[in-house]
Amino acid sequence: MENSWIKKFLSIFSHEPVPKKTFSLSPSRTVYSNTIPLGRSKVTKRKKSSSLPPEKSDLQKVLAHRFRSRRNPDFIIRSLQTSWGQITIAFYQSLTDSNQIQEFLIGPLVEFTPPADKPLCAKDLKDQLTYCHVVKEVFSFDDTLKSIITGMTFVHIDGYEWGLALDFLGQHGRSVSEPHTETVVQGPYDAFVEDIRINLYLLRTRLATPDFIAENIPAGERESGPINLLYIDGLTNPKVIREIRRRLESIDVDMLYNVGQLEQFIEDRPFSLFSQMITSERPDRTISFLMEGAVAVLLNGSPLALIAPVTLWSQVHSPEDIYYRWPISTFARLLRVIGVLTTIFLPAVYTAMVVFHPEMLPTDLMLAIASAREHVPFPTAFSLLFLEIAFDFIREAALRVPKMIGPTIGIVGAIIIGQAVVEAGIVSPVAIIVAAITGLAGFSIPQYSLVNSFRIARLFLLFLANFLGFYGVLIGLVVLVHHLAGLKSLGVPFLSPFSPLRNPSGDTFIRTAAFSVEKRPFFTRPMDKFKQRPLNRPWDPRIPPELLLITGDLSSPQKKGEQS
Amino acid sequence: MRKVSCLLISVLLLLVMSGCSSERELERTAFVLTMGIDKGEDGNLDVVFRVAIPRSMDIRAGGETTTLQETTKPITITARSISEAISLASTNVERKLDFRHLRIVLFGEELAREGLVFHQIDTLERNPEFRRTTYMLLTEGPAREIFLSTRPVLERSVSRYVDGIMQNMREQGYSRPITLHEFVSEIETYHVDPVLPMLKNNPMVLTEKSDSKIKPMPEAEYKQREAGKTEPGGKTTESLTRSGGNPSEFIGIGIFHQGKLMDKWSGWEANAYNLLRDTYHRAIWTFDDPIGKYTYAVELSKSRSPEVNIHWQDETPQISVDLYLDGDLLSLQSLEPYVNPDGLATIENNAATIIEKEVLQVIAKAQGMKIDPFFLSRYVRMHMTYIQDLQALNWREEFSRAQVNVHVNVKIRRPGLRIQPAKEFEYIGGQ
Amino acid sequence: MKQSSQEGYLGGIEAFVLVSMFITVKLFFHIPRELSSAAGTASWMVPLIAFLGVVPVFLCVERVANRFSRASLLSISGLLWGRYVQWFLGLFLTVLLVVHVGYQMRIFGEFMITTLLPNTPISVVIISSALLGVFLAYNGLENLSRTAWLLFPLAIVVFLVSIFLVGFQGHIYYLSPWLGYGGVATIETGIRFMGLFKEIVLLTLIAPLFRKQKTFRQVGFGSLLFTASIYTLTQIVLHLNFPFPGAREVGFPLYQLGRLINLQFAIQRLEPFMVFAWSTVTTIGIAVGLYESALATTQGSRAPDFRPFLFPLAALAVVVAFIPESSIEAVNTYTYLMMILPIPFYGLPVFTWIWVTLFYRNSEELK
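Protein chains in written order, with this note's numbering: chain D, 701 to 1264; chain W, 696 to 1126; chain S, 1233 to 1599.
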């Protein structure tokens, strides 16, 4: 007993008992567990679903109360008296097409004769309503509510404990138009719209396979329209699907307005500067990611698809790259990589060079810069910051002003920044060149969210460079690289396949000829590794005949057919 | 997250509180482009800084400034050391003197004669603002005088002026451009004596100077001054006969031994020195024609590194040097039809003999002074195994006793755009 | 003792780069000068001889790791000699590593002050590099090794470009006399400088992170060979440009070499950029050093996580960094450390291997 304090003291250094995990070498990975209770039903407190009252008056009372029909004239409850029973119809006037209801619902109902030998069941009635294709049987009050608020028309026959929900949706929002942010020169000119059904139409017309699944996932208590999880069954790795489904199902919020908001709920590192998913408004781009083994999420009311897992490199790629021949797209990609480096580092490196290390510049250039700076009262970093902010003002203004006067903003901005500022002696002409090149290089990146991330990184680096010169740039670079290397997009390392290094295919920095990229990227772990036949140009005389023999192309049926 | 933000805030505080101190905007810095050091009175140094005026380089000013004098300003300060001179200069220059763009350092002859050059070099090596790639020059007479009188022919930018001069020096071989690094390396290395390129004022051109402009002298005066000068330019250490242009001439080398300037060698001797030191690149040589009258000129470049063999025979080192040159024919004043195998061989041999003679003369001169600026000992150390042997070698003594044998191989590869020289048709008589 | 599969793993190439960077940190400091001073013109042989000397040591490390299916050395010592020995060894290693990292940070600070930031207080550089090290080490070695791998192309390209640009300016005769102070003297110097590769002890602590024994072996030998060739290349180029007696007086030799490059076009001087690229290696090295010392504490005390130790140890290292009164004192102590540290760092695995071969029999129980 007397030496218990010794034991206590020693126990600080020797931690007993030793758990299964003796020490943690890489704590960034957490244990994957399927048993975490994240299901909505367990989190949300819900009233138990009640069944439909069979009495017509009861039902009308309950519905009128729930939808506040007196204050809310948009909601309509109609009673119909037919030869075979009392019918109640409830719908939102704004969401439905009254002509269709009149023609395809009320008409057949009036003419309907119930079977005499047995009680009426829902199926009989359904079979009779031949003009409507989406008909659901509804048995509970909750389902009734849900079907009405999503725009269905509810039909109930007095005395029965079931109802029918029919789809007589009105107009379908705006029609398909050209993409606004991801414009291309060559390639399709259609983009997603707000209505999820049109979006699915755009996708399904391109990807005509029964394996293309659009899974409906409910989100939130107030049902802001469905989330659709898109993937290709048999190609996308089930683990990826399970993971994103798990994340989507854990969301329980009032309202999701846009996939940008949805992204924050499901991305791996929400506090990161960089978006770890891609939002795209182009159906062709979405399809190409799906074909690489990624999953996409569509949200009703949002004209964007959210795609994951992706890498940083795919954010630098433009959908156009695959439409051009390989030398052009390779050049464009290299240009964009240079653009990325320029937009992040140029202001910082310029500041570090001019303020800390003028010996790097050739003497005459240095003297020219110095002479330009003679009239300028502000420090280099400050003038760059000033220009950066001015540049952002122009950008914001060009976004906000009415389209009619939009082009003038650019001209006015250019004149203000380019001419007046220099003549007023606020910044030097060289600083303007630096700021302009930086801004332009930034917009060579196709992914808009990435441009914004880089802009913040650039300011951070500029700040460091102003205080510590190249040492500051070094700190910024290492922090940036470390952060990027630690990011994961749905469990996939963000800089894959370079870090960790794992057989980079010819489709990251450069783009080789389309027929030579045979495999899908490995990092999504697709179930089917190859995306094309190993030999797609068997007619090419440069293909060695041995290869044809191995791949069996010599004995292909076409060849035989030609010979015979 | 809280930890990360703590980290960020502390980094920010750290930077804002104490960073920023190495920062200096360009317009708050005075860049010294060239520097001269002279021996002053009573152990002092006269240090001249040439400070660049950035405003004069403004492109929008549109070439108003045309001369070096308008783009730079010289400041002379007397102090006990270079560092003191820098600190004293800050009392009257409103910006901080910065030496990171320093191109060239001139050392006055007097400083070199008294063996004080080596003592100034330590500052240049120690201070990170000075670079080891700065060029060094030895001036004939005080450096300050040359500093003030120099008038580049074309350039108004000091850096390009210096770079161009050094490039010419490398290509014409009348001198050897030396950087601080090379000079220090030669001081430190065993058994080699360092050299510095020479810079001198041409007295003829200097008299043409009035109001900081060079006004070429009238023809009659030129003829008068020209009279009596028979030696070709560059053969002796005397200045060239010329008028107009830059009063400064970059020709010849100064030889140091034990920290003191021993001798000044002419342009021709510098050429021979370059051949032996393996710093020769290319030069235009003019030789007397074998027929006795006229000259011919060839541009010779180094085709191979020199081959030197050193062995001892009865305590006497035998040095045999093989030099390999090849080049183009530039002129044939004598109009002799040399452009055929035999004729070319004649002038090649002639050239080789003359070069051999010049090289041997330079070697003999060095042997007489018991110095080895050619670093011939490098061929000895290439055969050595241990540092102790190298330290035990008394090379300068051995070299002064050595029997030197020089063999030059000259090969003329191309005759230029003309084959045999043009000759007036001589009527011999019809048959 | 088998590691749970939930831990992060080190890829082969990433680990190779990480260990190589950790070893080559010294290269950018004063070490080339020390080599020159010790071996004269033959200093380029010293890293090669030291490499040959370290190979048997690494073989011991590899054998021990193989025997215990890549458990860490401290866990093995705990298994062999008990918990208190493990605790003591952990503390011992931690102290040594913290002192080592502290001196590295100090010299890095001196390097930065001399080269890039002449008027900045050294505390700014030291504290910022310590904070950066903590930030880098905090997310574990997997992330750190990936960072190292991404920065590697920048560092190696700039290093090779500078080395070759300078190398072609040099003269081959400055490398003679060929054997320096003598063959035996050079070999002796090589043995004394075995501490060039002392950071290889890192592998004994991070062994559980490797997937396969083969990768472990390749990383060890590969990084030893790579760094030895880097050191050799640097020494050769140093001597080509700085003749023998001068080379031992050059402050920060690699930086001085970089300063000899004079490009006439576009960018006049490269050395701030070179320092920039080289310093990525140093920052990674400091981060690995901090991580390693925290790991030694963790494994010694059998704590579940290394992260709580990271910040206090970094603070200690900063304290150590401020101990030397002058730059020269720091540099000399660091050289002394490089001579002394190999004794425990190499001695421990070798002793463990001898103990295991002689006295340890029941290896079946481990599995």
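Glycine is no exception: its CB is placed at the ideal position from the N, C-alpha and C atoms.
So what does DSSP say about Tyr-792(D), is it helix, strand or coil? Three-state result, Tyr-792(D): strand.
Paired residues, beta bridge with Arg-1109(W) - DSSP: Per DSSP, Asp-1023(W).
List, in order along the chain, the chain D residues whose C-beta lies closer than 8 Å to that of His-796(W)? Here the neighbours are Pro-1058, Glu-1059, Thr-1063 and Met-1066.
Could you pull out every unbroken beta strand (DSSP E) segment of at least 3 residues lying fully inside the segment 856 to 890 of chain W, listed in chain order? Within the segment 856 to 890 of chain W, no beta strand (DSSP E) run of at least 3 residues lies entirely inside it.
Taking C-beta pairs closer than 7 Å, name the residues in chain D that Arg-821(W) reaches, listed in chain order. For Arg-821(W), there are no neighbours in chain D by C-beta distance under 7 Å, as the nearest C-beta there is about 17 Å away.
Is Phe-945(W) closer than 8 Å to Leu-1025(W) when the C-beta atoms are compared? Result no, Cβ atoms of Leu-1025(W) and Phe-945(W) do not sit closer than 8 Å.
Rounded to whole angstroms, what is the Cα-Cα separation between Leu-725(D) and Glu-883(W)? Because Leu-725(D) sits at a pLDDT of 44, beneath the cut-off of 50, its placement in the model cannot be relied upon, and the following sentence gives the value as read from the coordinates. For Leu-725(D) and Glu-883(W), the distance between alpha carbons rounds to 52 Å.
Pull up the distance between the alpha-carbon of Glu-809(W) and that of Leu-1325(S), whole angstroms please. Computed Cα separation, rounded: 58 Å.
Within its chain, find whatever has a CB closer than 7 Å to the CB of Arg-1211(D); leave out the 5 residues flanking it on each side and keep chain order. A distance below 7 Å between beta-carbons, with the five flanking residues on each side excluded, links Arg-1211(D) to the following residues of its chain, in chain order: Asp-1021, Trp-1026, Ser-1029, Thr-1030 and Arg-1033.
Coarse secondary structure for Glu-915(D), derived from DSSP in three states: Glu-915(D) falls in the strand class under three-state DSSP.
Check Met-912(W) in the structure and name its three-state DSSP category. Under the three-state reduction of DSSP output, Met-912(W) falls in the coil class, being neither helix nor strand.
Roughly how far, in whole angstroms, is the beta-carbon of Thr-1080(W) from the beta-carbon of Leu-1411(S), given that I think they are within contact range, below 8 Å? Yes, they are in contact, since the Cβ atoms of Thr-1080(W) and Leu-1411(S) sit about 5 Å apart, within 8 Å.
Is it buried or exposed, Ser-1511(S), if we count other Cβ atoms within 10 angstroms and call 16 or more buried? By the 16-neighbour rule on beta-carbons within 10 angstroms, Ser-1511(S) is buried.
Starting from Val-1181(D), find everything on chain S with Cβ-Cβ shorter than 8 Å and list it in chain order. What Val-1181(D) touches in chain S: Thr-1379, Leu-1382 and Leu-1383.
Ala-1141(D) (DSSP reduced to helix, strand or coil): Here Ala-1141(D) carries a helix assignment [DSSP, helix/strand/coil].
State yes or no: is the beta carbon of Ser-1511(S) nearer than 8 Å to at least one beta carbon in chain D? Closer than 8 Å: yes.
Identify, in the order they occur along the chain, each residue of the same chain with its Cβ nearer than 7 Å to the Cβ of Ser-1304(S), setting aside the five sequence neighbours on each side. Here the set comprises Thr-1436, Leu-1437, Ala-1439, Pro-1440 and Gln-1531.
At 7 Å on the CB atoms, spell out the chain S contacts of Met-912(W), in chain order. Residues of chain S passing the Cβ test: none, with the nearest at roughly 37 Å.
Where Asp-741(W) sits in the DSSP three-state scheme: Here Asp-741(W) sits in strand by DSSP.
Classify Arg-798(W) as helix, strand or coil using the three-state DSSP reduction. Correct three-state label for Arg-798(W): coil.
Can you pull out the residues from the segment 1239 to 1251 of chain S whose beta carbon lies closer than 9 Å to at least one beta carbon of chain D? Considering only beta carbons, the part of the segment 1239 to 1251 of chain S lying closer than 9 Å to chain D consists of Glu-1239, Gly-1240, Tyr-1241, Leu-1242, Gly-1243, Gly-1244, Ile-1245 and Glu-1246, in chain order.
What residues in its chain sit with their C-beta under 7 Å from that of Ala-1460(S), if we drop five residues either side in the sequence? Around Ala-1460(S): Pro-1279, Leu-1280 and Phe-1283.
Which residues in chain S have a C-beta closer than 8 Å to the C-beta of Tyr-1081(W)? List them in chain order. Contact note: Tyr-1081(W) reaches chain S through Pro-1409, Leu-1411, Gly-1412, Tyr-1413 and Gly-1414, using a C-beta cutoff of 8 Å and chain order.
How many Å lie between Thr-744(D) and Val-1356(S) at the Cα? Confidence at Thr-744(D) is low in this model, with a pLDDT of 46, below 50, so the placement of that residue should be treated as unreliable; the coordinate-derived value is given next. Whole-angstrom Cα-Cα distance: 52 Å.
Is there at least one Cβ from chain S nearer than 8 Å to Asp-1128(W)'s Cβ? Given a span of 696 to 1126 for chain W in the structure shown, any question on residue 1128(W) remains unanswerable.
Between Thr-1379(S) and Asp-1017(W), what straight-line distance do the alpha-carbon atoms span, to the nearest angstrom? Looking at the two C-alpha atoms, the distance is approximately 55 Å.
For Phe-1170(D) versus Glu-718(W), is the C-beta spacing smaller than 8 Å? Not a contact, by the Cβ cut-off of 8 Å.
Return the CA-CA distance between Ala-1097(W) and Ala-1479(S), expressed in angstroms with no decimal places. Roughly 31 Å separates the two Cα atoms.
Identify which residue in Pro-819(D), Gly-870(D), Val-762(D) and Asn-1236(D) has its Cα closest to the Cα of Gly-859(D). Nearest C-alpha to Gly-859(D): Pro-819(D).
Would a check of beta-carbon distances place Val-1173(D) closer than 8 Å to chain S? Interface residue, yes.
Beta-carbon separation of Leu-1259(S) and Tyr-1463(S) under 8 Å? It is a contact, given that the beta carbons lie within the stated cut-off.
Give the straight-line distance between the Cα atoms of Gln-1450(S) and Ala-1247(S), rounded to the nearest whole angstrom. Their Cα atoms are separated by approximately 10 Å.
Relative to the C-alpha of Lys-1188(D), which residue among Phe-812(D), Val-1010(D), Gly-851(D) and Phe-804(D) is closest? The shortest C-alpha separation from Lys-1188(D) is found at Val-1010(D).
I need the straight-line Cα distance from Lys-826(D) to Leu-999(D), nearest angstrom please. Straight-line spacing of the CA atoms in Lys-826(D) and Leu-999(D) works out to 30 Å.
Given that Thr-1080(D) touches chain W, what residues does it touch there, using C-beta distances under 7 Å? Close to Thr-1080(D), with beta-carbon spacing below 7 Å, are these residues of chain W in chain order: Glu-720.
Please tell me whether Leu-702(W) and Phe-1367(S) are closer than 8 Å, where the distance is taken between their beta carbons. It is a contact, given that the beta carbons lie within the stated cut-off.
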